[in-house]
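Shown next, in structure tokens, is the structure this report addresses.
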Amino acid sequence: MNNEDTTPRRPDFSDDSYQSRDDQEISRGPDLAPELPFGMSGITGLLQRLANGAEEDRWSPDKQRMVARYLLDLSKDYWMNGDEVAFCRRLAAA
1 MNNEDTTPRR PDFSDDSYQS RDDQEISRGP DLAPELPFGM SGITGLLQRL
51 ANGAEEDRWS PDKQRMVARY LLDLSKDYWM NGDEVAFCRR LAAA
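Each step along the sequence shown adds one to the number in this note's numbering, with nothing skipped, and position 23 is 23.
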């Protein structure tokens, strides 16, 4: 049995056509939200995006409700303070 036929081929890193996924630029359309700044991921980032979207009327009431309900669901596993939970409950009920 020939090992060449059974061994999976590994990418040739010397090949110019090969780029690792990290090296490839991911195209983001103008309608996509910008990435969260470093350190703003997770619950805190979502809460701030929700607050900004609600305050500036950039998010529809449906989107606000959906994100607020999502955050309330996450609060079962991740700690949120009372003000954050109350804010999400208010938007989820609207």
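The beta-carbon is built from N, C-alpha and C at its ideal position, and this holds for glycine as well.
Note that this is a predicted model, so its numbers are computed, not measured.
Which residues in the same chain have their Cβ closer than 7 Å to the Cβ of residue 84, if we skip the five residues on either side of it in sequence? Here residue 84 refers to the residue found at position 84 of the sequence shown. Taken in chain order, the residues that qualify are 47.
Contacts around residue 61, its chain only, beta-carbon distance under 7 Å, and the 5 residues preceding and following it disregarded: Residue numbering aside, residue 61 sits at position 61 when the sequence shown is read from its first letter. Counting only Cβ-Cβ distances below 7 Å, and skipping sequence neighbours, we find 94.
Could you pull out every residue in the same chain whose Cβ sits closer than 7 Å to the Cβ of residue 23, ignoring the five residues on either side in sequence? Locating residue 23 in the sequence shown gives position 23, where the first residue counts as 1. Low confidence applies to residue 23: its pLDDT is 43, below 50, so where it sits in the model is not reliable enough to give any reading.
Roughly how many whole angstroms lie between the Cα atoms of residue 70 and residue 82? Residue numbering aside, residue 70 sits at position 70 when the sequence shown is read from its first letter. Residue numbering aside, residue 82 sits at position 82 when the sequence shown is read from its first letter. One C-alpha to the other measures close to 16 Å.
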